[in-house]
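S.K.: Pasting a structure here, questions to come.
Protein chains: 2
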Amino acid sequence: MSAGVPQRPPGCSSQTLQKSFPILRWLPHYSLPCLKLDLIAGLTVGLTVVPQALAYADVAGLPAQYGLYSSFMGCFVYCLMGTSKDVTLGPTAIMSLLVSFYTFGDPALAVLMTFLSGCIQLAMGLLCLGFLLDFISYPVIKGFTLAVSLTIGFSQIKNLLGLHNIPQQFFLQVYDTFRRIGETRAGDATLGVLSIVALLVLKLMKSHIPKIHRGMPLWLRLCYLTVWLTATARNALLVIAAGLIAYSFQVMGSQPFILTGKTAEGLPPFRLPPFSNGTVPFMSMVQDMGAGLGVIPFMGLLESIAIAKAFGITNILGSFVSSYPVTGSFGRTAVNAQTGVCTPAGGLFTGALVLLSLAYLTPLFFYIPKATLAAVIICAVAPMFDTKVFRTLWKVKKLDLLPFFATFLLCFWEVQYGILAGVIVSGILLLYPVARPQIKVYDQENLVVQPLSGLSFPATEYIRDRLYEVALAASPPRSVVLDCSHLNTIDYTVVAGLNDLQQEFQRKGVSLSFSDLQDPVFRVLLAAKFTGPGSFRIQGEARGKEDQQEADSSSHSSLLPAVNNSPEILAE
Amino acid sequence: MSAGVPQRPPGCSSQTLQKSFPILRWLPHYSLPCLKLDLIAGLTVGLTVVPQALAYADVAGLPAQYGLYSSFMGCFVYCLMGTSKDVTLGPTAIMSLLVSFYTFGDPALAVLMTFLSGCIQLAMGLLCLGFLLDFISYPVIKGFTLAVSLTIGFSQIKNLLGLHNIPQQFFLQVYDTFRRIGETRAGDATLGVLSIVALLVLKLMKSHIPKIHRGMPLWLRLCYLTVWLTATARNALLVIAAGLIAYSFQVMGSQPFILTGKTAEGLPPFRLPPFSNGTVPFMSMVQDMGAGLGVIPFMGLLESIAIAKAFGITNILGSFVSSYPVTGSFGRTAVNAQTGVCTPAGGLFTGALVLLSLAYLTPLFFYIPKATLAAVIICAVAPMFDTKVFRTLWKVKKLDLLPFFATFLLCFWEVQYGILAGVIVSGILLLYPVARPQIKVYDQENLVVQPLSGLSFPATEYIRDRLYEVALAASPPRSVVLDCSHLNTIDYTVVAGLNDLQQEFQRKGVSLSFSDLQDPVFRVLLAAKFTGPGSFRIQGEARGKEDQQEADSSSHSSLLPAVNNSPEILAE
């Protein structure tokens, strides 16, 4: 889900001290060149996160300062606990939208949600419950991301056009936005569209700058460097430029833009998260959050690498500084990597920049036009609206389109139903081959029936039906050799089913025997006292000479002696 | 789960007219010798079902006549729709206990439950939902059966000893029965114990009669036949004998036994099931049944062969004659088979005998001592209390003890929790290897990593971790060949995970390539544009010569040309 290869939470796999304290990996070797690279990368990420934080707070339905409150704790915690140098934690578009769904613009609920999400994530990390996330497949994640990015992108159209009082629910929003498109404010719309164009052009320029190398003349290198810096810090520069324009209009006595307005000044207080909200007690706050208490911690871990503990601690500590729930940010992680970050220490400089902005710049945020922030969000979520996934799924595995569409469509109703539907649909797709294994039938001297995968209990009735159909329902009934070369294990239900079936075969005067048994399966069948005449066959004997195959190597060494011994063992 | 091999409900597999109307299979060939055999078997089963029906009605908490009301519809329906000649439908001990749990001794609720269960079972048959039952494994069924047979058996101790007012809940019942054991009535206890002894002796005799053949003298054959008949009809004979004894005491003016008492006379009315109960409306009756509406239809199908449609229709029609929910009976199916039934027409005679008993014998049921009926039940459920299953599970697959004990223990709390817990535990056992496939690592020229089973999406993170661990975390990083010989299919999540990982390998200057690809997997990887240098290897190249194996035949023919073509295809 991210560029780096994920690390299991320590404690869930073989581990070392380094795994538990990842800072020990890089701190002892930390050097001055590293510091320089981390400083540049950290500040660049900082210039991205500050404008994004202001914008995302609006998506979350919270006052602008909450975006910044949420942006620094992750940097510090991840510096200590992070395993990948690139990852940056902080507010993201998706998480902001989820927060708006489940906390209804109430900062107290949002901060309590942060604390509880952190506790749940930490518990998942400590109890090794990360494997639960394994059951959320890519099609589900893609469907969710697509639906949510569409929702977020569309929610900004109203800010881009300067429309007021548009409802929050997606379908109502779409309806109202189009119905009232005539009320569009010229100033906001112009600034918004120009902002998007500027961001797109800068992004395009960045991806087309040739690699700088020492062979180039100095002036060319400087020129490229300027373009690269401008393009990388484009969010911050755009916001500053738009703020200056708005300020100029304000000074001249007219204001064509809707502005961010008054933002609380200074650093957030450090205090316990609000365990009650005025007269509203804790339990009723928890009830208000509802399914959000499942969705937000889960999605917080999903959106990025499964470092449940680091994420959990970030959220728990964040709730003490009025943060709303945060997670790893794709966009800023990419900026971090491209700027050449050396260690997780880069986060320290990002965090410091956010704190400085909070301490000294909040009065200036007054003048930032909302249309520009809308443009920042739209450009941030646009890459997530990756429609190529349709084509890829179609080409790679068409059945995976089912969980994809189930998730995508239901996410517009309620996010949790979308995810749940996707998980259920992909679960059914997963269990179907377990319940209905592929079976090959070779019609030779005897009938040879070969399941092409393992047999587990849900397949018992099916394999019995198939054997009945091909052998016992035939007239006259035929003997069957069950080729078990693909069976690694076997459970009691299957054994019991086969045992019944073998008796049925005997009643009809034919036999059901087993060939190519791997050792564990053979032992189980022996333990279950499969003692019918000629229950077991020497490997390879079953099929005819013309397509006789060596069995798989994993069963090879241990099986042959066991099968050769079988008559003696059976005679005990 | 029964002696016969199950048949899928028609419509869910390849079918013929015969499958839809099973009576067409045997009716055209029906003959007089068949009629004779069916008559004998049908009457024998009838002599078993009448006393059992009276006894099971007590287990269900209903008046005795309801047992008989439930005993004839199944015989007639199964004659028309049944696929196995042996199976008999009717009241069973387990179903009676479940009915008592969920209908609280209210006949109206029980009859409505019959109707609704029938509808649910029929819907399951028509919608091909029978596969849901596949997810209830044998350990769960065994745990359930063991717990329920213990509950039923113990519930009869109070009748055997003549104790009154013992509570219904299992633990309270055990406590109260032992606490009040001093109140035991001598007459009932004596009769009860003697009845059990009689039944056991007769059963033992039956299993020790030598096979009758024409070489024997006539008197010996007649003697054996008498013993066999007595033993087979032991329930009826015992009940008649006990009834006569009780009647004699009654005539002499003293009654040492608790009797069945007044039973409603005559045939049940044919009428709509009660969709409301006096002032209680339909929805509130349904709410009263609660989880029973899931457990009873499901268990009704589980206890015997999955002929959802026949069972559904039996229950729906049964509800018109005041039947409580019925299912296939193990015990009477065995009697049917042993008596040599020829076709499902045997059921006609069983049903007729039940109807005759209802019409003419109900006044006589007054005298049947309850202790004797308790003995009938105890002897019927005793074979279900099969404790050998512990040892078998221990020997065959120790992990299967987990769902077994989860079900067994929780069934004493609430049956539905027991089954649910068993299904969840066996589901986890089923999914664990899917999420954590076994992986073999061969350390040769390159590292060869071979998953020993398929890869599905829950395994993605795990396989990435493992590859990272063995190859990329090593210094220097090593190239890996992923041996895909056990992969039949692959989904988008796995492909995306491997794609990310291949990029990570390339960044570290090593390669991740694939060998022994089966055709479908190869196509998917091509579709997903796996275009890294040397992504694919010719089969067998991966592992060293010393343990090189032919790949499995299923991948053999189609794979080699595809792999040979791969450079051209990739170059498109």
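Top line first, the protein sequences correspond to chains A and B.
Per the working numbering: the first sequence = residues 1 to 572.
Per the working numbering: the second sequence = residues 1001 to 1572.
The beta carbon of each residue, even a glycine, is placed where N, CA and C say it ideally should be.
Computed from a prediction, not measured in an experiment: that's the story for all the values here.
Which same chain residues end up closer than 7 angstroms to Leu1150 of chain B when comparing Cβ atoms and leaving out the 5 residues on each side of it in sequence?
M.R.: Numbered from its first residue, the second sequence carries residue 1150 of chain B at position 150. For Leu1150 of chain B, where only same-chain residues beyond five positions count, the Cβ hits under 7 angstroms are Phe1385.
S.K.: Taking the alpha carbon of Gly1418 of chain B as the point to measure from, which residue in B:Ser1137, B:Gln1506, B:Thr1184 and B:Gln1065 has its own alpha carbon closest?
M.R.: Here residue 1418 of chain B refers to the residue found at position 418 of the second sequence. The shortest Cα separation from Gly1418 of chain B among B:Ser1137, B:Gln1506, B:Thr1184 and B:Gln1065 belongs to B:Ser1137.
S.K.: In chain B, what lies closer than 9 angstroms to Pro383 of chain A by C-beta?
M.R.: Stepping through the first sequence from its first residue, residue 383 of chain A is reached at position 383. Residues of chain B passing the Cβ test: none, with the nearest at roughly 16 angstroms.
S.K.: Could you list which residues in chain A have their beta carbon closer than 7 angstroms to that of Asp1400 of chain B, in chain order?
M.R.: As a first step, residue 1400 of chain B is located in the second sequence; it is residue number 400 there, counting from the start. Correct list: Asp491 and Tyr492.
S.K.: Could you give the first and the last residue of the continuous beta strand (DSSP E) run that contains Leu1512 of chain B?
M.R.: Numbered from 1 along the second sequence, position 512 holds the residue referred to as residue 1512 of chain B. Run containing Leu1512 of chain B: Leu1512 to Ser1515, per the beta strand (DSSP E) assignment.
S.K.: Given that a residue counts as buried once 16 or more other Cβ atoms are within 10 Å of its Cβ, and exposed if not, what is Gly1253 of chain B?
M.R.: The count along the second sequence starts at 1 and reaches residue 1253 of chain B at position 253. If you draw a 10 Å sphere on the C-beta of Gly1253 of chain B, you find fewer than 16 other C-beta atoms in it, and that means exposed.
S.K.: Label Glu1265 of chain B either buried or exposed according to how many other C-beta atoms from any shown protein chain fall within 10 Å of its C-beta, with 16 as the threshold for buried.
M.R.: Locating residue 1265 of chain B in the second sequence gives position 265, where the first residue counts as 1. Per the 10 Å Cβ criterion, exposed.
S.K.: Ile212 of chain A by DSSP, collapsed to three states: which one?
M.R.: Translated into positions along the first sequence, residue 212 of chain A becomes position 212. Correct three-state label for Ile212 of chain A: coil.
S.K.: Whole-angstrom Cβ separation of Ser70 of chain A and Gly318 of chain A, contact assumed at under 8 angstroms?
M.R.: As a first step, residue 70 of chain A must be located in the first sequence, where it is residue number 70. As a first step, residue 318 of chain A must be located in the first sequence, where it is residue number 318. Confirmed, about 6 angstroms.
S.K.: Counting contacts by CB-CB distance shorter than 8 angstroms, is Phe1131 of chain B in contact with chain A?
M.R.: Position 131 of the second sequence, counting from 1, holds the residue named residue 1131 of chain B. Chain A contact via Cβ: present.
S.K.: I'd like the list of long-range same chain contacts for Tyr1462 of chain B, defined as Cβ closer than 6 angstroms, with 5 residues on each side in sequence excluded.
M.R.: The count along the second sequence starts at 1 and reaches residue 1462 of chain B at position 462. Answer for Tyr1462 of chain B: Arg1436, listed in chain order.
S.K.: Answer yes or no: does any C-beta atom of chain A fall closer than 8 angstroms to that of Phe1170 of chain B?
M.R.: Counting from one through the second sequence, the residue named residue 1170 of chain B turns up at place 170. No, its Cβ sits nowhere closer than 8 angstroms to a Cβ of chain A.
S.K.: If Ile40 of chain A sits next to Val381 of chain A, beta carbons under 8 angstroms apart, how far is it from one beta carbon to the other, in whole angstroms?
M.R.: For this step, residue 40 of chain A is matched to residue 40 along the first sequence. For this step, residue 381 of chain A is matched to residue 381 along the first sequence. Not a contact, Cβ separation roughly 26 angstroms.
S.K.: Are there 16 or more other CB atoms within 10 angstroms of the CB of Ile157 of chain A, so buried, or fewer, so exposed?
M.R.: Within the first sequence, residue 157 of chain A is the residue found at index 157, counting from 1. Buried.
S.K.: When you check each C-beta in the region 1144 to 1157 of chain B against every C-beta of chain A, which residues fall closer than 7 angstroms?
M.R.: none
S.K.: Can you give the beta carbon distance from Met1283 of chain B to Leu1112 of chain B, rounded, assuming they're within the 8 angstroms contact cut?
M.R.: The residue you call residue 1283 of chain B lines up with position 283 of the second sequence. The residue you call residue 1112 of chain B lines up with position 112 of the second sequence. Rounded, the Cβ-Cβ distance is 12 angstroms, inconsistent with contact.
S.K.: When you compare only the Cα positions, how much space is there between Thr333 of chain A and Thr1387 of chain B?
M.R.: By 1-based counting over the first sequence, the position of residue 333 of chain A is 333. By 1-based counting over the second sequence, the position of residue 1387 of chain B is 387. Those two C-alpha atoms are separated by around 60 angstroms.
S.K.: Whose C-beta lies closer than 6 angstroms to the C-beta of Asn1235 of chain B among residues of the same chain, with five residues either side of it excluded?
M.R.: Here the question's residue 1235 of chain B lines up with position 235 in the second sequence. Result list for Asn1235 of chain B: Thr1048, Pro1051 and Val1376, in chain order.
S.K.: Going by C-alpha to C-alpha distance, which of B:Val1434, B:Cys1379 and B:Lys1395 sits closest to Val1193 of chain B?
M.R.: Start at 1 with the first residue of the second sequence, and residue 1193 of chain B comes out as number 193. That would be B:Cys1379, whose Cα lies nearest to the Cα of Val1193 of chain B.
S.K.: Using 8 angstroms as the cut-off, can you tell me whether the region 259 to 273 of chain A makes contact with the region 108 to 124 of chain A, which would need three or more C-beta pairs spanning the two stretches below that distance?
M.R.: Enough Cβ pairs lie closer than 8 angstroms, so yes.
S.K.: For Asp1341 of chain B, does the three-state DSSP call read helix, strand or coil?
M.R.: Reading the second sequence from its first residue, position 341 is the one you call residue 1341 of chain B. Position check: residue 1341 of chain B holds Val in this sequence, whereas Asp was assumed. The three-state reading of DSSP puts Val1341 of chain B in coil, since its state is none of H, G, I, E or B.
S.K.: Would you please verify whether the beta carbon of Glu1461 of chain B is less than 8 angstroms from any beta carbon of chain A?
M.R.: As a working note, residue 1461 of chain B is residue 461 in the second sequence. So yes, Glu1461 of chain B belongs to the interface.
S.K.: Would you tell me roughly how many angstroms separate the C-alpha atoms of Pro1477 of chain B and Asn1446 of chain B, rounded to the nearest one?
M.R.: In the second sequence, counting from the first residue as 1, residue 1477 of chain B sits at position 477. In the second sequence, counting from the first residue as 1, residue 1446 of chain B sits at position 446. One C-alpha to the other measures close to 11 angstroms.
S.K.: Which residues bound the alpha helix (DSSP H) around Ile368 of chain A?
M.R.: Within the first sequence, residue 368 of chain A is the residue found at index 368, counting from 1. Counted as a single uninterrupted DSSP element, the stretch harbouring Ile368 of chain A is not any alpha helix (DSSP H), since DSSP gives it neither H nor E.
S.K.: Could you name the residues of the same chain whose beta carbon sits closer than 6 angstroms to that of Arg1221 of chain B, not counting the 5 residues immediately before and after it, in chain order?
M.R.: The residue you call residue 1221 of chain B lines up with position 221 of the second sequence. For Arg1221 of chain B, where only same-chain residues beyond five positions count, the Cβ hits under 6 angstroms are Ile1212.
S.K.: For Ile1316 of chain B, does the count of other Cβ atoms within 10 angstroms reach 16, so buried, or fall short, so exposed?
M.R.: By 1-based counting over the second sequence, the position of residue 1316 of chain B is 316. That one is buried.
S.K.: Quick check: what's the CA-CA separation for Leu1218 of chain B versus Val1321 of chain B?
M.R.: Translated into positions along the second sequence, residue 1218 of chain B becomes position 218. Translated into positions along the second sequence, residue 1321 of chain B becomes position 321. Rounded to whole angstroms, the separation of the alpha carbons of Val1321 of chain B and Leu1218 of chain B is 46 angstroms.
S.K.: Can you check which of these residues, B:Cys1034, B:Leu1393, B:Ala1110 and B:Asn1336, is closest to Thr1044 of chain B by C-alpha distance?
M.R.: Looking up residue 1044 of chain B in the second sequence gives position 44. Considering only alpha carbons, the answer is B:Asn1336.
S.K.: Could you check whether Ala1057 of chain B and Gly1046 of chain B sit closer than 8 angstroms to each other, using their CB atoms as the reference points?
M.R.: Position 46 of the second sequence, counted from the start, is the residue given in the question as residue 1046 of chain B. Position 57 of the second sequence, counted from the start, is the residue given in the question as residue 1057 of chain B. No, these two residues do not count as a Cβ contact at 8 angstroms.
S.K.: CB-CB under 8 angstroms to Tyr30 of chain A, same chain, minus the five flanking residues each way: which ones, in chain order?
M.R.: Within the first sequence, numbered from 1, the residue matching residue 30 of chain A stands at position 30. If we look at Tyr30 of chain A and ignore the five residues flanking it on each side, its Cβ neighbours are Thr343 and Ala345.
S.K.: Taking only the alpha-carbon atoms, compute the straight-line gap between Leu238 of chain A and Val197 of chain A and give it to the nearest angstrom.
M.R.: To locate residue 238 of chain A, count along the first sequence from 1; it is residue 238. To locate residue 197 of chain A, count along the first sequence from 1; it is residue 197. Each residue's alpha carbon lies about 11 angstroms from the other.
S.K.: Using a Cβ-Cβ cutoff of less than 8 angstroms, which residues in the same chain neighbour Ala1246 of chain B once the five nearest sequence positions on both sides are dropped?
M.R.: The count along the second sequence starts at 1 and reaches residue 1246 of chain B at position 246. Here the set comprises Gln1255, Phe1257, Leu1259, Tyr1367, Ile1368 and Pro1369.
S.K.: Assuming the contact rule is C-beta atoms closer than 8 angstroms, Tyr78 of chain A and Leu62 of chain A should be a hit. Round their C-beta distance to whole Å, please.
M.R.: For the purposes of this step, residue 78 of chain A is taken as the residue at position 78 of the first sequence. For the purposes of this step, residue 62 of chain A is taken as the residue at position 62 of the first sequence. Not quite, the Cβ-Cβ distance comes to about 22 angstroms (not below 8 angstroms), so this is no contact.
S.K.: Taking the alpha-carbon positions, what's the Asn1499 of chain B to Lys203 of chain A distance?
M.R.: Numbered from 1 along the second sequence, position 499 holds the residue referred to as residue 1499 of chain B. Numbered from 1 along the first sequence, position 203 holds the residue referred to as residue 203 of chain A. Cα-Cα distance, rounded: 26 angstroms.
S.K.: So which residues of chain B does Val396 of chain A contact, with C-beta pairs closer than 7 angstroms?
M.R.: Locating residue 396 of chain A in the first sequence gives position 396, counting from the first residue. Those within 7 angstroms of Val396 of chain A in chain B are Tyr1492, Val1495, Val1524, Ala1527 and Ala1528.
S.K.: Mind pulling the alpha helix (DSSP H) runs of 4 or more residues that sit fully within the region 454 to 518 of chain A?
M.R.: List check, alpha helix (DSSP H) in window: 460 to 467 and 492 to 507.
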